[in-house]
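Okay, so here's the structure we're looking at.
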Amino acid sequence: MPELPEVETVRRGLAPVLVGRRVASLDARRPDLRFPFPERFAQRVAGQSIVGLERRAKYLIASLSSGEDLVMHLGMTGRFTIVHGGIADTPGHYAHGTGPDPTHDHVVLNLSDGTKVIYNDPRRFGFMVMMAHRERPQHALFRDLGAEPLGEELTAEYLASKALGRKVNLKAFLMDQHVIAGLGNIYVSEALYQAGLSPDRAAASLANRRGAPTERAIKLVPAIRDVLERAIDAGGSTLRDYRHADGKRGSFQERFGVYDRAGSVCQTPGCGGEIRRAVHSGRATFYCPRCQR
6 MPELPEVETV
16 RRGLAPVLVG
26 RRVASLDARR
36 PDLRFPFPER
46 FAQRVAGQSI
56 VGLERRAKYL
66 IASLSSGEDL
76 VMHLGMTGRF
86 TIVHGGIADT
96 PGHYAHGTGP
106 DPTHDHVVLN
116 LSDGTKVIYN
126 DPRRFGFMVM
136 MAHRERPQHA
146 LFRDLGAEPL
156 GEELTAEYLA
166 SKALGRKVNL
176 KAFLMDQHVI
186 AGLGNIYVSE
196 ALYQAGLSPD
206 RAAASLANRR
216 GAPTERAIKL
226 VPAIRDVLER
236 AIDAGGSTLR
246 DYRHADGKRG
256 SFQERFGVYD
266 RAGSVCQTPG
276 CGGEIRRAVH
286 SGRATFYCPR
296 CQR
């Protein structure tokens with residue numbers, strides 16, 4: 006499953022192609038993905054200009070000139086290919102060896118300048134829905150999401166307020182989308198390592214008895230931001246068949262401090278600890294027992 010940096014990388018690759026362009030037509034080649042397509046899907050998108058392309062958590066949101074939003078989720082294997090004049094144009098396309106199977110090209114946006122933006126999804130775990138822009142904050146997909154990890158809302162004070170009295174461990178707490186939206190398994194492990202916090206430590210340790218942030222919360226916020234920003238700069242992490250929007254492999258997996266490094270020596274200078282693997286809520290966690298106490 007692509008995580009937040011991968012989705013943000015896709016957004017940055019698509020934005021120069023989509024934003025400011027008019028959709029001449031939309032071709033939906035099947036009735037559904039994970040969910041049925043919106044009613045009158047092609048008619049509602051065709052003829053509209055795309056006035057913005059945002060990311061909220063792991064959702065891509067194309068704002069249309071009609072006042073509606075087209076919300077897209079990549080699922081596990083969703084990807085976009087950008088084609089102009091019969092060949093890949095900047096910012097390019099996904100590359101999976103010989104390329105994605107065109108039989109899984111389920112949605113095609115035909116832009117007014119001749120560019121095609123093709124959504125390919127072999128497993129069809131992705132989805133596309135539409136809603137009025139003004140209704141988005143209260144829509145079921147968005148109303149309960151927590152703070153954006155790269156937004157101004159994520160502060161030590163915010164974390165403390167959410168953590169006060171919580172008995173779950175830090176790993177589960179940070180994975181809770183009601184607390185932080187879009188922060189996934191890989192980057193939780195990396196952020197906890199960078200902040201020097203054990204994934205087994207109680208979430209309540211981020212707040213003192215008065216509800217004010219502890220030193221742990223103060224350290225954790227910049228660690229989350231730094232890990233995500235470095236991952237975005239590196240083009241995300243390529244796991245299994247993921248590729249980002251310019252067709253290149255993400256490279257952040259080559260810079261992991263702990264993730265998928267069980268049995269390796271900790272990279273912190275002078276530590277010498279051995280990275281361990283544990284399971285929290287059914288998800289693999291990697292950590293250094295010496296650095297993360």
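Per the working numbering, the sequence shown runs over residues 6 to 298.
Note that CB positions come from ideal geometry on N, CA and C, so glycine has one too.
- Excluding sequence positions up to five before and after residue 43, its CB lies within less than 8 Å of the CB of 49, 133, 134 and 135, all in the same chain and listed in chain order.
- Residue 204 and residue 76 have their C-alpha atoms roughly 33 Å apart.
- Of the candidates 124, 192, 119 and 45, 124 places its Cα closest to the Cα of residue 78.
- Contact check for residue 202 and residue 175: beta-carbon distance about 6 Å, within the 8 Å limit, so the pair qualifies.
- The beta carbon of residue 69 is closer than 6 Å to those of 53 in its chain, skipping five residues each way along the sequence.
- By the Cβ-count criterion, residue 143 is exposed, with fewer than 16 other Cβ atoms from all chains shown falling within 10 Å of its own Cβ.
- Shortest Cα-Cα distance from residue 163 to any of 269, 24, 275 and 226 involves 226.
- A contact is defined here as three or more CB-CB pairs under 8 Å, and the stretch 81-92 fails this definition with respect to the stretch 143-157.
- Approximately 6 Å separates the beta-carbon atoms of residue 58 and residue 19; this is inside 8 Å, confirming the contact.
- Between residue 171 and residue 200, the C-beta gap is not smaller than 9 Å, which leaves the two residues out of contact.
- Taking residue 27 as reference, the option from 188, 120 and 212 with the minimal CA-CA separation is 120.
- Secondary structure of residue 273 (DSSP, three-state): coil.
- Here residue 194 is actually not in contact with residue 284; their C-beta atoms are around 12 Å apart, not less than 8 Å.
- Around residue 237, the same chain offers 10, 13 and 14 as residues with beta carbons nearer than 7 Å, after the five sequence neighbours per side are excluded.
- Residue state for residue 62 is assigned as coil, using DSSP reduced to three classes.
- Secondary structure note for residue 292: its beta strand (DSSP E) is the uninterrupted segment 288-292.
- In the structure shown, residue 211 falls within a helical segment according to DSSP collapsed to helix, strand and coil.
- With respect to the 9 Å criterion, residue 129 and residue 111 are classified as neighbours on the basis of their beta carbons.
- Relative to residue 65, the option among 274, 146, 118 and 45 whose CA is nearest is 146.
- DSSP places residue 267 in no beta strand (DSSP E); its state is neither H nor E.
- Secondary structure note for residue 180: its alpha helix (DSSP H) is the uninterrupted segment 175-180.
- Look at residue 44 here: in three-state DSSP terms it is coil, with no helix or strand label.
- Less than 9 Å divides the Cβ of residue 23 from the Cβ of residue 122.
- Between residue 115 and residue 40, the alpha-carbon positions lie close to 22 Å from each other.
- Taking the C-beta atoms as reference points, residue 126 is found no nearer than 9 Å to residue 91.
- Between residue 198 and residue 291, the C-beta gap is smaller than 9 Å, which places the two residues in contact.
- The C-beta distance from residue 29 to residue 51 rounds to 7 Å, short enough to meet the 8 Å contact threshold.
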